[in-house]
Structure formats: structure tokens, C-alpha cells
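Counting from 23, one number per residue, gives the positions in the sequence shown under my numbering. Every residue, glycine too, gets a C-beta built ideally from N, C-alpha and C. Presented below is the structure to which this report refers.
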Amino acid sequence: MTPKVALVTGATQGLGLALVEGLAQRLTPADTVYLTGRDLGRVNEAVESLPGGGATVHGEILDVAQPEAAARIAARLRERHGGVDVVFNNAVMRVSPDDDPREIVDPYAEVNNFGTTRVLRAFAPLLRDGGSLIVVASSLGTLHYLAPVLHDRFAALSTLDEVDEQVAAWRDAVRDGSARGGAWPGFVNIPSKIGQVAAVRALAHQRREQDLARGILLASVCPGMINTPTSAMWWDVSAAPTPAQAATVLLDLALDPVDPDHYGELVRHGQVLPWAPEYPAR
């Protein structure tokens, strides 16, 4: 049996680190998990913090905000292993309630949205039979949270380029202040998460038949509220699951045999969250 290869972006802390640890525990010593992040020191510290046993964990630099970074590491993994089996796109730029959206929207979209489409472009072609590519998003990534007048911007996009164009238009409106006088929500996380889910849906629209024939899962996932310092800036998370607890259901989704109903959809705790009533699962 070919050794399995997994990769997690944004993996130096929180949910990303928990996903790496969970993958290492569930896979075998013959397998490899890549723990990636943008800072070499933090990557090395994260690798050293993990308990031994299970799959080998390697640290790699991957800053998804850099236009060619995902493609470069994907090429290295193709050369080393021939393909990948599990990819979790978890990299995210977090914001605080005190941040001015106009000042942070450029790097925010660069990491959360264009970083997502870069990872999808780079790693989807490398997926082996039975593999999975999971984008960590949020239940906020449904059209339910967007004004109906804006639904058509994201509802039925069919390419990643189209998704990038719509995200760029939103980013520019936030940057120049015009979004504040329009229908866009003030919380930048909502359009950003919708853009992530739209990206998964667009790529899945292109790949669905061939992927399901090969047992491949492409999906976005809502891990639910997690008890982390970042979430605590916005909400009371004292009773929320730890990152390790939240990672369990995501690992089940990635490693269990694919459920065709999950393909291309936003999944929370094993259930599909409707994109919108007028746009059912595809």
C-alpha cells in the first residue's frame, strides 16, 4: 500500500495544530503529515510540541498569501510522493473587533480568499484515489447571511477565476468605503467565508463526476465555535469545544469513505448546510 501524505495549512496553533496531531495519530508510521505555516520558528516549535507515535510530521513554510507558494510546495510533494491524500486548508488571518475593515481587508482577502483558491488550484490535481481536500470555513459562509440583492454575485459561479473576481470586487468596495453605504455586511468574515464556500462549489462543479468515481471528497467545513483566544475576542467561548475536540469530526470527514451528499458542500457535524433554499445541493 502506498504511504499516505497529508498537509495542513495554518497549522502552528489552534485547530490547525490539532488537525496535524489527529492525522499523525490516525495514520501509520509509514505515512507523512506536513505541518505548514508562514513563520519557520513557529513551524519548528509546533512540530516539536507534538507527541511521538503515528505518522512522521514534517514542518514546511507555506504562506498562502504569497501568489506562488502553494504551487511550489505542491510541486515538491508531487516530486517526493507522487500525490497527496488529505489536505486541510485552515490558514486564516484573524481580525479583532477593533480592526478597521478598510485597513485590513487587503491582507485579509489575500490570506483567507485568494489563499484558498491558490490551495485549491495547487492541490486538487494531486489528490489520489480516496483522497480529500477540505476548506475550513464557517456556517457564515452561506447566502443566508448575505442580502438577497447580492446573492447573484456568488450563487452559481463555475470557476475559481470567477470567485476571485467577485472577492476582489468586494475587497475593493470595503477598501474605498463604498461597501459601508451598500448592502454588504459590516463584518468582513461573512463575505469572506461565502467566498471560500463559493470557491469549493465552483471547483466541485467541474470535478464532481470524476472525483466521486475515484472516491475523492472536496468540501468546505464548519468546525463550529471553538475555545480559542481569537474567538474569545468576539464571543463567550468558555463552554465551546477545544481545538482537539473540534478536530475530531473534521478528521472523520476527511478519512472516512466519501458520502456523495457531502461533495462540494458546506458540512457541519456531518450535516450539509444549505447554500440557500433557491440553490440546493448539486
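- Residue range 211-235 is occupied by the alpha helix (DSSP H) that includes residue 218.
- Taking residue 217 as reference, the option from 26, 68, 124, 135 with the minimal CA-CA separation is 135.
- The DSSP-derived three-state label of residue 111 is strand.
- With a beta-carbon spacing of about 5 Å, residue 139 and residue 221 fall inside the 8 Å limit used to define contacts.
- A distance below 9 Å separates the beta carbons of residue 108 and residue 29.
- In this structure, the CA atom of residue 69 is about 13 Å from the CA atom of residue 31.
- Taking the Cα of residue 64 as reference, the smallest distance to any Cα among 89, 207, 80, 232 is reached at 80.
- Assignment of residue 194 by DSSP, reduced to helix, strand and coil, places it in the helix class.
- Per DSSP, reduced to three states, the secondary structure at residue 283 is helical.
- With respect to the C-alpha of residue 264, the residue from 35, 279, 26, 280 having the closest C-alpha is 35.
- Note: residue 293 is bridge-paired with 290 in the DSSP secondary-structure output.
- Sequence-distant partners of residue 25 (beyond 5 residues in either direction) whose C-beta falls short of 6 Å from its own C-beta, in its chain, are 52, 53.
- DSSP places residue 202 within a helical segment (H, G or I) once states are collapsed to three.
- Burial of residue 229 is indicated by the presence of at least 16 other C-beta atoms within 10 angstroms of its C-beta.
- Annotated as distal: residue 112 and residue 142, with beta-carbon spacing of 9 Å or more.
- Annotated three-state conformation of residue 264 is coil, per DSSP.
- Our two residues, residue 212 and residue 192, have alpha carbons roughly 11 Å apart in a direct line.
- Where residue 100 is concerned, the enclosing alpha helix (DSSP H) starts and stops at 91-103.
- In this chain, the beta strand (DSSP E) harbouring residue 82 covers 78-83.
- Here the alpha carbons of residue 75 and residue 114 stand approximately 28 Å from one another.
- Taking the C-beta atoms as reference points, residue 295 is found no nearer than 9 Å to residue 215.
- Per DSSP, the continuous alpha helix (DSSP H) segment holding residue 138 begins and ends at 137-145.
- Rounded to the nearest angstrom, the Cβ distance from residue 181 to residue 224 is 6 Å, consistent with a contact under 8 Å.
- Residue 290 and residue 189 have their C-alpha atoms spaced approximately 24 Å apart.
- Taken through DSSP and simplified to helix, strand or coil, residue 150 comes out as strand.
- For residue 56, the enclosing beta strand (DSSP E) starts and ends at 54-59.
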